[in-house]
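Student:
Numbering (this note's numbering), first residue to last: 1 to 249.
(1) Verify the CB distance criterion: does residue 26 have a CB-CB separation below 9 Å to chain B?
(2) With a 10 Å radius around its C-beta and 16 neighbouring C-beta atoms as the bar for buried, classify residue 36 as buried or exposed.
(3) Among 66, 151 and 122, which residue has its Cα nearest to the Cα of residue 136?
(4) Taking the DSSP output, what are the residues bridged to residue 54?
(5) If you reduce the DSSP assignment to three classes, tell me which class residue 78 lands in.
(6) May I ask you to verify whether the region 125-135 touches the region 23-34, counting CB pairs closer than 8 Å and requiring at least 3?
(7) Helix, strand or coil for residue 22, going by three-state DSSP, please let me know.
(8) Under a Cβ-count criterion, where at least 16 other Cβ atoms within 10 Å of its own Cβ denotes burial, should residue 53 be classed as buried or exposed?
(9) Of all the beta strand (DSSP E) runs that stay within the bounds of the region 98-155, which reach a length of 3 or more residues?
(10) So, at 8 Å on beta carbons, what are the nonlocal neighbours of residue 43 in its own chain, with the 5 sequence-adjacent residues on each side left out?
(11) Using CA atoms only, rank isn't needed, just tell me which of 177, 119 and 12 is closest to residue 32.
(12) Taking DSSP as the reference, what is the three-state secondary structure of residue 28?
(13) Which partner residues does residue 177 have in the DSSP bridge list?
(14) Of the choices 138, 143 and 66, whose alpha-carbon is the least far from that of residue 156?
(15) Could you tell me the alpha carbon to alpha carbon distance between residue 85 and residue 47, rounded to whole angstroms?
(16) Is the beta carbon of residue 45 less than 9 Å from the beta carbon of residue 107?
(17) Would you call the CB atoms of residue 148 and residue 123 closer than 9 Å?
(18) Determine the direct distance from the alpha carbon of residue 67 to that of residue 97, and round the result to whole angstroms.
(19) What are the residues that DSSP puts in a beta bridge with residue 91?
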């Protein structure tokens with residue numbers, strides 16, 4: 001708090017169109033004002049300045065950007081520097097097509113609106129837990145001190161993210177991305193893609209094989225059925241399987 005003992009000092013308190021409050025002092029013998037106090041200190045101090053899924057960069061070319069893989073919800077509003085509408089995904093998430101995470105370094109974490117906290121998880125466990133839940137949109141360590149521990153997961157839009165310099169923050173955030181978006185992101189900025197496709201494919205193949213074996217036992221044309229199945233599974237990377245040997249074992 002600023003106090004003046006000299007009653008001759010003239011001060012003024014102003015609020016601009018962006019909601020920034022300034023206390024200024026009139027310089028003696030001139031008409032110039034000197035700013036003594038500003039709140040917030042910069043535009044990134046405003047809550048949710050860049051809207052949902054946006055990131056505030058006080059030293060960037062523009063103060064607000066969309067997160068990687070996101071685009072402005074309203075291009076018209078962003079063109080006039082109104083970022084309140086935030087950003088939406090360029091490609092919707094789809095657990096069945098494989099997903100991964102992009103790493104945002106040195107940031108203030110999003111507001112804790114829809115989240116879960118697991119204090120005993122490490123970062124690798126946190127990633128696996130988030131990946132299992134199709135509603136999980138991002139994860140991070142909850143405590144970055146001395147080795148980093150704990151797990152925070154978000155389940156909605158990410159609001160009030162701010163970028164800091166390296167000396168001001170060691171907090172990283174991992175944002176969920178569809179496989180198609182990860183293809184365009186440098187490997188140093190992403191985690192290894194985790195895909196559920198091989199698992200699903202394996203289950204389907206096993207189910208089809210089981211059905212074919214049972215059908216062969218009930219069918220007189222078992223040999224033709226076996227040949228047909230072998231043709232179906234004759235694909236690169238998949239071994240040919242002899243249904244007769246399988247059924248006998």
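Glycine included, each C-beta is placed from N, C-alpha and C at the ideal position.
Tutor: Taking the geometry as given:
(1) Absence of chain B from the displayed structure is noted, only one protein chain being present.
(2) Around the beta carbon of residue 36, fewer than 16 other beta carbons sit within 10 angstroms, so the residue counts as exposed.
(3) 151
(4) 66
(5) helix
(6) Flag = no, the region 125-135 and the region 23-34 do not touch.
(7) Assignment of residue 22 by DSSP, reduced to helix, strand and coil, places it in the strand class.
(8) buried
(9) 99-104, 115-118, 138-140 and 151-154
(10) 18, 20, 49, 56, 58 and 63
(11) 12
(12) coil
(13) 100
(14) 138
(15) 13 Å
(16) Contact annotation: residue 45 and residue 107 have beta-carbon atoms that are not nearer than 9 Å.
(17) yes
(18) Each residue's alpha carbon lies about 21 Å from the other.
(19) For residue 91, which the question treats as bridged, DSSP gives no partner whatsoever.
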